[in-house]
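S.K.: Which chain is which? The protein sequence lines are A and B, in order. Heads up: the first sequence runs through residues 1 to 205, numbered per the working numbering. Heads up: the second sequence runs through residues 206 to 380, numbered per the working numbering. Supplied in structure tokens, the structure appears directly below.
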Amino acid sequence: MTRQKLALALTVLFLSAFALLGCGGKNASVPLHGGRLEPSKAASDFTLTDQNGKPFTLSSMRGKVILLYFGYTSCPDVCPLTLSDMAAARKDLGQDANQVQVIFVTVDPERDSQQVLQKYVPAFDPTFIGVRGTPAEIKTVADAYGVKYKKTLLENSALGYAVDHSAFIYVIDRSGQLRELLPFGTQRQDITSDLKILINEGTSS
Amino acid sequence: MNTKQLVRIGLLTLTAIALLSACGGAATPAANPTSSPPMGLTITDVWARAAVMTTGGMQTPSSGGMEMSKPTSAVYMKISGGGMADKLVKAETTVAESTELHTVEMKDGVMQMRPVEGGIDVPADGTVELKPGGLHIMLIGLKQELKPGDKVNVKLTFEKAGVRNVTAEVRSVQQ
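In structure tokens form, the structure reads like this:
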């Protein structure tokens, strides 16, 4: 129940942040480009299994700026483009790139085996981490972030089914606070700019 | 105004036209005013997204309902009707097991990908753009890795214009 409430709260916060941004127009000085969470909330911690079969705990990345993304590897378009954008943003950062960790959570753990993640995720950037778990574990994590996803059967497609899913990048600062949601299509330079801001903030929350 | 001046103006105009059409880029091939009827369908900016193989070489047919992940990619392009409305009804490639026409829609931040029923409409006097986050030709079950610089032949079938063969250059999305 609390989880559901958190998910709801996150959605409401996001929507209101988005609405504010929309009303603010271009003259408002907005340092971050996405839907901001104000006040920020502690990013829900989780432990899943990474592409090498090892347990991965989100809080072990404390001190880095985290870009968290939920998707699936059979996704032909939106997921790879977002992963590419994040890889490009890291490149733009130069030396500061090591202050940023990208994490890809599959919402299709039935098809996205460890082996699949191992081939797919590092192809975008060798530092990227792909994580999976049982469908129940994934559901818990997704709910905690307010991520909606749903398997949809495609009758006339060789894909079998698609997984409709929230396509935001969840941005977590170095103190472990969830700060903003970047919608699909956020320009690469805007991602880079937000990362720079969060890297320079340090870890004080 | 003497002949020399006229010639000069003529040359300047021609140069200006040439420059303008150069600016237009590949998307709009320079119009040829002398060509007779509509110039017909044009397809430009054809590219495919680089993709890796996510499954090991040979796969045994899935058994017992085991789901298999299939490596995928997508082909994008711009198609202009050139005076006649048409419809892209089929796309085929040899690099994937299946080639389908798909679209992506965003609803409240949720991405939904669906096959396009009936085909992709090409407007008579406009351009339909297959681009990331929207309409695309989806390659399902890649038989090979698609590396930047590779070429992928795509056979397109249109309702009226019939078959058109195009070559997509594989690009990494990052610049």
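Virtual Cβ for every residue (Gly too), placed ideally from N, Cα, C.
With a cut-off of 8 Å, does the C-beta of Tyr120(A) fall near any C-beta of chain B?
M.R.: Chain B contact via Cβ: present.
S.K.: Does the Cβ of Gln51(A) have 16 or more other Cβ atoms within 10 Å, making it buried, or fewer, making it exposed?
M.R.: Counting Cβ neighbours within 10 Å, Gln51(A) comes out buried, since at least 16 surround it.
S.K.: In chain order, what residues of the same chain lie with their CB nearer than 7 Å to the CB of Ala89(A), ignoring the 5 residues before and after it?
M.R.: So the list reads Arg188, Ile191, Thr192 and Leu195, once near-sequence residues are dropped.
S.K.: Sort Lys292(B), Leu246(B) and Met282(B) by Cα distance to His341(B) and report the nearest one.
M.R.: Answer by Cα proximity: Met282(B).
S.K.: Does DSSP put Asn52(A) in a helix, a strand or coil?
M.R.: Here Asn52(A) sits in coil by DSSP.
S.K.: Are the region 109 to 121 of chain A and the region 174 to 187 of chain A in contact at 8 Å, needing three or more beta carbon pairs?
M.R.: They do not touch, by the three-pair rule.
S.K.: Ala330(B) by DSSP, collapsed to three states: which one?
M.R.: Contrary to the premise, residue 330(B) reads as Asp rather than Ala in this sequence. Three-state result, Asp330(B): coil.
S.K.: Helix, strand or coil, according to DSSP, for Phe46(A) in the structure here?
M.R.: Of the three classes helix, strand and coil, the one that applies to Phe46(A) here is coil, per DSSP.
S.K.: For chain B, find out if any of its Cβ atoms is closer than 8 Å to the Cβ of Arg132(A); answer yes or no.
M.R.: By this cut-off, Arg132(A) is not an interface position.
S.K.: Determine the DSSP secondary structure at Asn98(A), reduced to helix, strand or coil.
M.R.: Looking at Asn98(A) - three-state DSSP - the assignment turns out to be helix.
S.K.: Report yes if the CB atom of Met86(A) is closer than 8 Å to the CB atom of Ile169(A), and no otherwise.
M.R.: Yes, these two residues count as a Cβ contact at 8 Å.
S.K.: From Thr47(A) to Pro109(A), what distance separates their C-alpha atoms?
M.R.: Using only the alpha carbons, I get a separation of about 15 Å.
S.K.: Can you tell me the Cα-Cα spacing of Asp355(B) and Asn156(A), whole angstroms?
M.R.: Distance between the alpha carbons of Asp355(B) and Asn156(A) is about 29 Å.
S.K.: Which bits of chain B does His165(A) rub up against, with CB to CB less than 7 Å?
M.R.: Neighbours of His165(A) on chain B, chain order: Val315 and Met316.
S.K.: In this structure, what does DSSP give as the bridge partners for Thr106(A)?
M.R.: According to DSSP, Thr106(A) bridges with Gly71(A).
S.K.: Measuring only the C-alpha atoms, how far is Thr247(B) from Ser84(A)?
M.R.: If you take the alpha carbons of Thr247(B) and Ser84(A), they lie about 29 Å apart.
S.K.: Do you know how far the Cα of Ser113(A) is from the Cα of Pro55(A)?
M.R.: Going by the C-alpha atoms only, they are around 15 Å apart.
S.K.: Using DSSP bridges, identify the partner residues of Met289(B).
M.R.: Beta-bridge pairing links Met289(B) to no other residue.
S.K.: Is it the case that the Cβ atoms of Met318(B) and Thr277(B) are separated by a distance below 8 Å?
M.R.: Their beta carbons are not under 8 Å apart, which means Met318(B) does not touch Thr277(B) by this criterion.
S.K.: Using the Cβ count rule (16 or more neighbours within 10 Å means buried), how would you classify Ala42(A)?
M.R.: The residue in question, Ala42(A), is exposed, as its Cβ has fewer than 16 Cβ neighbours within 10 Å.
S.K.: Could you give the DSSP three-state label for Asp143(A): helix, strand or coil?
M.R.: It is helical.
S.K.: Under 8 Å, Cβ to Cβ, is there at least one residue of chain A near Lys283(B)?
M.R.: Taking Cβ atoms only, chain A never reaches closer than 8 Å to Lys283(B), which makes this a no.
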